[in-house]
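> Each step along the sequence shown adds one to the number in the working numbering, with nothing skipped, and position 250 is 283. Below you will find the structure I want to go over with you.
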Amino acid sequence: MNPFVETRHIIQRELRKNLRSVKGIALAVLTLLGGSSIALLIAKYNDFKREEMGQISPEELHMLREKALARLYEEDTAKWLADAPEVLLALLSFTVWLAPLLIALMGFDAISPDIQHRTVRYWTIRSRRWSYFLGKWAGLWATVSIVTLAMDAIIWGVCVVRGEADVATTLSWGVRFWLTSLPLSAIWCSIAVLISSLFRVPMVALLVTFATFFTLWVVYLIANVAHLDPLLYLYPNHYDHLMLDPKAYRFGTGVLASFGMTALFVAGGSALFARRDV
C-alpha cells in the first residue's frame, strides 16, 4: 500500500478516536469551558483597564500598547501588533502558552496504549512504522488545531459582540494569530508523540511529557534572564517572535525553523519506533 494512504488511514482513525468518542465529548466540554473562561477573563480585564485609564484617547492608548509590546517584541513587530484588537492579543498569548498543556493532556496516550495492549501490532503489519508514527503526529496536530480554532472562535464572537472590533478586523487578526500558533503546536505535538512512543504505560508517558515541557520552559526562563540567546531557540514558543514579524523573510525563517524542528522530532521518533520491539 502507498505509505501516504497508510498515513491517511491513521490520521482518520485518530480524528475519529479524538472527536467521535467519549474523549471527543470531553474535548467539546473542555473547548466550551476553556473558551468561555478565557473570554470572561479577557472581558473583565479590559473593563478593569478602561476604568483605571479613565478618559484616555485612542491615540494615547495605541502608544501605550506599542510601548508594552516593545518589551516583548522588536520595534517593527510591536508597531504592527499595536493595531490589533487588545482582546485578540491577549487571546494569542493564551493560545500560545496554554497549548503545551493541552497537547500534553491529549498526546500522552497517542502511542503508549497501543504498545501496552499490543494493538500496535495490528497496525505495524499493515503499515510502515514511519507512516504509523507520522499519522499519529498528524492526527494529534489536526485535533489540537481544531480544538484551538473552536476556542478562538468563541473569543472572536465575544470580541464582536462587545464592540471591541468589527467582524472583518476580528477575523483578519484572529485567523492570522491562529495560523501563527499552528507551527508552534506542531513542534509540541511531535515531542508529545515521541515521548508517548517510548513508554508502555500511558501514565508514565504523561508524567514524562509534563516534566519535559516544564524543563524546556525552565531552560527558556534561565536563558532569558542570563541573556543566553541561542538557548531560547530550544523552546518552541520562542519562534512566535519570528512568525509575528511583519518582515517576510523573518516570518519565513520562523515557519521553516518551526517545521524543521518538527521534522527533526518526527524523524527521530520514527527511527526509534522502527527499532523498538513492540
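Where a beta carbon is used, it is the ideal one built from N, C-alpha and C, also for glycine.
Once you ignore the five residues that flank I136 on each side, which residues in its own chain have a CB closer than 7 Å to its CB?
Taking the sequence shown and counting its residues from 1, one reaches residue 136 at position 103. Excluding sequence neighbours, I136 sits near V177, S218, W221, C222, A225.
> At 4 residues or longer, what runs of the alpha helix (DSSP H) sit wholly inside the stretch 147 to 200?
Entirely contained in the stretch 147 to 200, the alpha helix (DSSP H) runs reaching 4 residues are, in chain order, 153 to 157, 162 to 194.
> Indicate the three-state DSSP secondary structure (helix, strand or coil) for D116 in the structure shown.
Stepping through the sequence shown from its first residue, residue 116 is reached at position 83. Three-state DSSP puts D116 in coil, outside helix and strand.
> For the pair the stretch 134 to 150 and the stretch 227 to 235, tell me if three or more CB-CB distances fall below 8 Å.
Contact between the stretch 134 to 150 and the stretch 227 to 235 is present, because at least three Cβ pairs lie under 8 Å.
> Tell me the residue span of the alpha helix (DSSP H) that contains F246.
Taking the sequence shown and counting its residues from 1, the one referred to as residue 246 is at position 213. First-last of the alpha helix (DSSP H) with F246: 235 to 259.
> Would you identify the three-state DSSP class for F284, choosing helix, strand or coil?
For the purposes of this step, residue 284 is identified with residue 251 of the sequence shown, where counting begins at 1. Note: F284 maps to helix in three-state DSSP.
> Which residue marks the beginning of the alpha helix (DSSP H) containing D273, and which one marks its end?
Position 240 of the sequence shown holds residue 273. Per DSSP, D273 belongs to the alpha helix (DSSP H) from 273 to 276.
> M96: buried (16+ other C-beta within 10 angstroms of its C-beta) or exposed?
As a first step, residue 96 must be located in the sequence shown, where it is residue number 63. It counts as exposed.
> May I have the straight-line CA-CA distance separating P118 from S126, to the nearest angstrom?
One-based indexing of the sequence shown puts residue 118 at position 85. One-based indexing of the sequence shown puts residue 126 at position 93. One C-alpha to the other measures close to 13 Å.
> Using three-state DSSP, classify D109 as helix, strand or coil.
Sequence index remark: in the sequence shown, residue 109 carries index 76 (1-based). Of the three classes helix, strand and coil, the one that applies to D109 here is helix, per DSSP.
> If we ignore side chains and look at the alpha-carbon of each, how far apart do L265 and A259 end up?
Reading the sequence shown from its first residue, position 232 is the one you call residue 265. Reading the sequence shown from its first residue, position 226 is the one you call residue 259. L265 and A259: Cα-Cα distance of roughly 11 Å.
> Can you look up L267 in the DSSP assignment and give me helix, strand or coil?
Locating residue 267 in the sequence shown gives position 234, counting from the first residue. The answer is coil: DSSP assigns L267 none of H, G, I, E or B.
> Beta-carbon within less than 7 Å of S214's beta-carbon, same chain only, minus the 5 sequence neighbours each way: which residues are those?
To locate residue 214, count along the sequence shown from 1; it is residue 181. Closer than 7 Å at the Cβ level, and outside the excluded window around S214, lie T128, V129, A132, T181.
> Less than 8 Å between the CB atoms is what I'm expecting for L283 and L289, so what's the real figure, rounded?
Looking up residue 283 in the sequence shown gives position 250. Looking up residue 289 in the sequence shown gives position 256. The question names Leu, but residue 283 is Arg in the sequence shown. With 8 Å as the limit, R283 and L289 do not qualify as a contact, their Cβ atoms being about 11 Å apart.
> Using beta-carbon positions only, say whether F166 and G302 come within less than 8 Å of one another.
Walking along the sequence shown from the start, residue 166 turns up at place 133. Walking along the sequence shown from the start, residue 302 turns up at place 269. Cβ atoms of F166 and G302: closer than 8 Å.
> With 16 other CB atoms within 10 Å as the buried threshold, where does P263 fall?
Start at 1 with the first residue of the sequence shown, and residue 263 comes out as number 230. Counting Cβ neighbours within 10 Å, P263 comes out exposed, since fewer than 16 surround it.
> In its own chain, which residues sit with a C-beta less than 7 Å from the C-beta of N270, not counting the 5 before and 5 after it?
In the sequence shown, residue 270 corresponds to position 237, counting from 1. Once the five neighbours on either side are set aside, the close Cβ partners of N270 are V129, W130, L217.
> For the alpha helix (DSSP H) that contains I144, what are its first and last residues?
Within the sequence shown, residue 144 is the residue found at index 111, counting from 1. From DSSP, I144 is part of no alpha helix (DSSP H); its letter is neither H nor E.
> So F306 packs on S230, CB below 8 Å; how close in whole Å?
The residue given as residue 306 occupies position 273 in the sequence shown. The residue given as residue 230 occupies position 197 in the sequence shown. That belief holds up - the Cβ atoms of F306 and S230 are roughly 5 Å apart, short of 8 Å.
> For my contact list, I44 and A171 are in at a C-beta cut-off of 8 Å; report their separation, rounded to the angstrom.
One-based indexing of the sequence shown puts residue 44 at position 11. One-based indexing of the sequence shown puts residue 171 at position 138. Contact holds; Cβ gap of about 5 Å.
> Alpha carbon to alpha carbon, what distance is there between A183 and L73?
Position 40 of the sequence shown holds residue 73. Position 150 of the sequence shown holds residue 183. Cα to Cα, L73 sits roughly 16 Å from A183.
> Can you tell me whether DSSP reads N51 as helix, strand or coil?
Along the sequence shown, one-based indexing puts residue 51 at 18. DSSP places N51 in helix when its eight states are reduced to three.
> Output yes or no for whether 8 Å exceeds the beta carbon distance between L267 and V251.
Within the sequence shown, numbered from 1, the residue matching residue 267 stands at position 234. Within the sequence shown, numbered from 1, the residue matching residue 251 stands at position 218. No, the Cβ-Cβ distance between L267 and V251 is not below 8 Å.
> Enumerate in chain order the residues of its own chain whose CB-to-CB distance from V299 is below 6 Å, with the five nearest sequence positions on each side excluded.
The residue you call residue 299 lines up with position 266 of the sequence shown. So the qualifying residues of the chain are W170, S223.
> What's the call for T110, buried or exposed, on a 16-neighbour Cβ count within 10 Å?
On the sequence shown, residue 110 is found 77 positions in, with the first residue counted as 1. The residue is buried, with at least 16 neighbouring Cβ atoms inside 10 Å.
> Is DSSP giving F306 helix, strand or coil here?
In the sequence shown, counting from the first residue as 1, residue 306 sits at position 273. Three-state result, F306: helix.
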